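Following: one structure in structure tokens, then a few remarks.
There are 2 protein chains.
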Amino acid sequence: MDAQTKALYEARAEIIKAMAHPTRLFIVDHLSRRKACVAELTNLIGADMSTVSKHLTVLKSAGIVEDHKQGAQVYYALRVPCIMNFFGCVESVIKTNANRQLRLVK
Amino acid sequence: MDAQTKALYEARAEIIKAMAHPTRLFIVDHLSRRKACVAELTNLIGADMSTVSKHLTVLKSAGIVEDHKQGAQVYYALRVPCIMNFFGCVESVIKTNANRQLRLVK
DNA sequence: TGCACATTTGGCAATATCGCCAAATCTGCG
DNA sequence: CGCAGATTTGGCGATATTGCCAAATGTGCA
Chain A
1 MDAQTKALYE ARAEIIKAMA HPTRLFIVDH LSRRKACVAE LTNLIGADMS TVSKHLTVLK
61 SAGIVEDHKQ GAQVYYALRV PCIMNFFGCV ESVIKTNANR QLRLVK
Chain B
1001 MDAQTKALYE ARAEIIKAMA HPTRLFIVDH LSRRKACVAE LTNLIGADMS TVSKHLTVLK
1061 SAGIVEDHKQ GAQVYYALRV PCIMNFFGCV ESVIKTNANR QLRLVK
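Protein chains in written order, with our numbering: chain A, 1 to 106; chain B, 1001 to 1106.
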């Protein structure tokens, strides 16, 4: 694999890596419905606010979300809605896996 | 976030985590065109065969690829073609990011 | 200015991931 | 059986990720 091809796949992996965490996945899912500030997300998630903030930083660096201040609060919004396409396919993988499991039992 | 919701996002993250590596992304991309055996992929990737084999194990455990023996060789194939939808969106994230960069410079 | 609230940053321990090497398996065949 | 080729597994050091706490920073307002 030449350097350029490698760089391409590394760039892609960066984006996907940013999604590869349950909390960040939840955040993306939630933001796909409405923008939210850190405190709001922290509440829903039930982790330390600093933890949530760092997850948001990861998503932001990847370019998946964007933030804007509104008073003392920082609101985050989904920047690339097509990310939601991931879920459909992921769900189908999970379903396929489950079916395979079932077949083994039956 | 209640335990069930958490479990759901964890399951989803498992799948995405399996994709979150340049080499594995390359493998998935390649397998979307044709099935291939380990030696073949190893050649294209240029890493130790044991490394490639382990990447394939990760993809297989996630249910993204499946394998079948053909003589002494093990062929891998994409099990869930919709995974390829990821690329389109990832590409658009990369493009959006690049445009943002440009705007900063201009 | 100084307080209260919202968020980010620094730091650290626990854990997970990665890639290579060496050794173990597995397969077809003489 | 025993060898050669293909693949997987075990193990290890290096590196990256994660989550919490404490401390720092930013913001609106009295």
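By construction, the Cβ of each residue, glycine as well, lies at the ideal position given by its N, Cα and C atoms. Predicted, not measured: the structure shown is a model, and the values here were computed from it.
The three-state reading of DSSP puts residue 1072(B) in coil, since its state is none of H, G, I, E or B. Not a single C-beta of chain B is nearer than 8 Å to the C-beta of residue 104(A).
Taking 8 Å as the cut-off, the Cβ atoms of residue 1037(B) and residue 1074(B) count as close. Residue 1067(B) is bridged by DSSP to 1076(B). Rounded to whole angstroms, the separation of the alpha carbons of residue 1105(B) and residue 1005(B) is 42 Å. Under the DSSP assignment, residue 1007(B) falls in the alpha helix (DSSP H) whose first and last residues are 1003-1019. Residue-level contact by beta carbon holds for residue 1013(B) and chain A, with a gap shorter than 8 Å. Residue 1062(B) places its beta carbon less than 8 Å from that of residue 1018(B). Between residue 44(A) and residue 1001(B), the gap from beta carbon to beta carbon is short of 8 Å. Contact between residue 55(A) and residue 23(A) holds: CB atoms are separated by about 5 Å, below the 8 Å threshold. Listed as beta-bridge partners of residue 36(A) by DSSP are 76(A).
In the structure shown, residue 46(A) falls within a coil segment according to DSSP collapsed to helix, strand and coil.
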